Amino acid sequence: MWRSIMPTLAAHFTVIALDQRGMGGSSIPASGYDKRTMAADIYQLVHEVLGCDRIHLVGYDQGAGTAYAYAATHPEAVRRLVLAEFVFPGFGYEEYITPKRGWDNGWQLVAFTVPDLCERFIAGRERDLLSWYFQIHCDNRIFVPMVAQRCDERLA
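Just so it is clear: in the sequence shown, position 38 is 487 by the numbering used here, and no numbers are missing.
Below you can see the structure in the form of structure tokens.
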């Protein structure tokens, strides 16, 4: 998603797109996945390492929680804040991820909060998981085989 937007933004801003702890190409530390710690990671990078005083900060999905924590902790360091596609604690998030009879929302949010749970279920079955996910969530006969092929290539 961000790769298609970044060139347009880069015409007017310095764009920094990073992977949060345990996401994408980042390392996977044993702890520090709370929003405050991840916000501190970003603050250290943009303020202390890159020397940026005030930033325009955009957070999407789970990144919005981290962006909110950053802005709440360092309001003087945020020029503008954009938050999208995230339910904030205190506004229904807790209820949304609480398992109950007939519950089918947000299972992945709960599953990923249990240390090593997803890795144990997925390890060695990445192709099966991605195929299932895209067959359920996409109506695209080209996309599903392409994802499966790339997954096979990476696992080979």
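All C-beta atoms in this analysis are idealised placements derived from N, C-alpha and C, irrespective of residue type, glycine included. Small disclaimer: the values here were computed from a predicted structure and weren't measured.
Rounded straight-line distance, which links the Cα of residue j to that of residue i
i	j	result
Cys567	Asp483	18 Å
Cys501	Val495	6 Å
Leu530	His505	6 Å
Ala489	His523	9 Å
Glu534	Gly473	19 Å
Arg503	Glu497	12 Å
Leu458	Tyr509	16 Å
Tyr527	Ala518	A quick correction: the sequence has Val, not Tyr, at residue 527. So the two alpha carbons sit approximately 11 Å from each other.
Ile477	Val563	14 Å
Gln493	Leu499	9 Å
Arg576	Arg569	15 Å
Gln584	Leu578	10 Å
Phe537	Gly573	34 Å
Leu467	Trp451	10 Å
Tyr449	Ile571	Not covered by the structure: residue 449. The range shown for the chain is 450 to 605.
Ile465	Asp565	29 Å
Local conformation of residue i per DSSP, three classes
i	result
Gly508	strand
Arg528	strand
Ala479	coil
Ala460	coil
Ala405	Since the first residue of the chain shown is 450 and the last is 605, residue 405 is not available in this structure.
Ala572	coil
Ala520	helix
Ala533	strand
Asp565	coil
Asp490	helix
Ala466	coil
Residue i burial status per 10 Å Cβ neighbour count (16 or more: buried)
i	result
Ile491	buried
Thr463	exposed
Rounded Cβ spacing between residue i and residue j (contact assumed at less than 8 Å)
i	j	result
Ala560	Leu532	The pair is not a contact, with the Cβ atoms about 24 Å apart (cut-off 8 Å).
Val507	Ala520	Not really, about 11 Å apart at Cβ, beyond 8 Å.
Met455	Arg470	So it is not a contact: roughly 21 Å between Cβ atoms.
Within-9 Å CB hit, residue i to chain D
i	result
Ala560	Going by chain labels, chain D is absent from the structure shown, which holds only one protein chain.
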